[in-house]
Amino acid sequence: MSPAGGLGPDDVRDRPERWHVVEGSTVFRGRVFGVRSDRVEMPRGDGTEIVVRDMIQHIGSVGVIAVDDRDRVLLLRQYRHPVGRLLWEAPAGLRDVDGEPLHKLAERELLEEAGYRAGRWDTLVDVYTSPGMADERVRIFLARDVTEVPADQIDFERVHEEADMPVVWVPLEDAVRKVLAGDLHNMITCLGVLAAQAARASGYAGLRPVDAPES
419 MSPAGGLGPD DVRDRPERWH VVEGSTVFRG RVFGVRSDRV EMPRGDGTEI
469 VVRDMIQHIG SVGVIAVDDR DRVLLLRQYR HPVGRLLWEA PAGLRDVDGE
519 PLHKLAEREL LEEAGYRAGR WDTLVDVYTS PGMADERVRI FLARDVTEVP
569 ADQIDFERVH EEADMPVVWV PLEDAVRKVL AGDLHNMITC LGVLAAQAAR
619 ASGYAGLRPV DAPES
């Protein structure tokens with residue numbers, strides 16, 4: 419059986435597309451995200467119809483999968499109020515500084531949240547967190563050759579959710595098992611751990627450079 423529309427595996431690649439918005443309005447605007455309601459022209463049968471699509475507009479973020487020379491991945495525990503849980507997560511942060519290169523943001527988050535620097539950085543994976551309702555975009559980096567930084571050399575005060583974030587180094591294989599067992603739930607962590615495992619299996623060949631453009 420031929421693929422629908424004549425498409426095959428070589429065609430499987432996300433591409434830009436924007437359907438006609440008849441009317442749009444901002445419902446809410448906050449520091450990190452806003453809510454927008456659009457009336458969008460969409461296909462129906464042989465014609466089109468106008469439907470309402472509500473969406474969250476998010477400033478975006480980055481995540482860091484740090485792997486040491488013993489093939490362990492760094493995870494930290496953080497309280498997440500919307501889900502009412504303490505989650506084990508990879509270091510991550512918002513794109514809240516205009517013009518800051520994403521890999522510099524990742525370096526800053528690894529240092530401030532976990533107290534480590536890395537000598538080798540690569541782009542691991544790019545993802546939209548929930549494209550059915552939000553435009554949040556995350557780039558996850560792979561950090562290697564990591565070294566701990568003394569606390570007195572870190573000019574950052576951890577407050578609120580970041581006030582108490584214990585750090586644990588978990589063997590990568592164990593982290594993969596925890597993802598598949600449902601012990602870990604954070605999207606950046608789950609996707610990043612599985613991507614790091616796949617990258618390691620190929621000898622880390624084919625990873626994009628740290629400053630690769632977002633397509």
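In this text, residue positions in the sequence shown follow this note's numbering: the first is 419, and each later residue adds one.
Backbone N, C-alpha and C define an ideal beta-carbon position, used for all residues, glycine too.
As DSSP reads the structure, glutamate 632 sits in no beta bridge. Unbroken beta strand (DSSP E) runs of no fewer than 3 residues, entirely contained in the stretch 509 to 568, are found at 510 to 512, 534 to 546 and 555 to 566, following chain order. When DSSP states are grouped into helix, strand and coil, proline 427 belongs to the helix group. In this structure, Arg457 is the residue among Gly452, Val567, Pro627 and Arg457 with its C-alpha nearest to the C-alpha of arginine 436.
Under DSSP, the beta-bridge partners assigned to isoleucine 483 are Leu560.
The Cβ-Cβ distance between alanine 536 and proline 509 does not fall below 8 Å. For the pair glutamate 554 and serine 479, the CB atoms are nearer than the 8 Å cut-off.
One Cα belongs to glutamate 591, the other to glutamine 615, and the distance between them is close to 8 Å. With a contact defined as Cβ atoms closer than 8 Å, arginine 488 and methionine 473 miss out at about 43 Å. Taking a C-beta distance under 8 Å as the contact criterion, glycine 481 and glycine 600 do not qualify as a contact pair. Classified as buried, glutamate 527 has 16 or more neighbouring CB atoms from the shown chains inside 10 Å of its CB. Collapsing the DSSP output to three states places glycine 463 in coil. Collapsing the DSSP output to three states places histidine 476 in a strand. When only Cα atoms are considered, aspartate 540 and aspartate 629 end up about 8 Å apart.
If you draw a straight line from the Cα of proline 500 to the Cα of glycine 424, it is about 43 Å long. Sequence-distant partners of glycine 442 (beyond 5 residues in either direction) whose C-beta falls short of 8 Å from its own C-beta, in its chain, are Arg454, Ser455, Asp456 and Arg457.
Comparing alpha-carbon positions, the option among Thr444, Leu492, Gln496 and Gly517 lying closest to aspartate 563 turns out to be Leu492. Looking at the DSSP output, tyrosine 622 shares a beta bridge with no other residue. Distance from the Cα of valine 545 is smallest, within the candidate group Thr607, Tyr497 and Val485, for Thr607. Leucine 504: member of the beta strand (DSSP E) spanning 503 to 507, first to last residue. Phenylalanine 446 sits exposed, since fewer than 16 C-beta atoms from the chains shown fall within 10 Å of its C-beta. The residue among Val585, Leu598 and His521 with its C-alpha nearest the C-alpha of alanine 561 is His521. Of the residues Gly550, Gly511, Ile558 and Glu459, the one whose Cα lies closest to the Cα of leucine 625 is Ile558.
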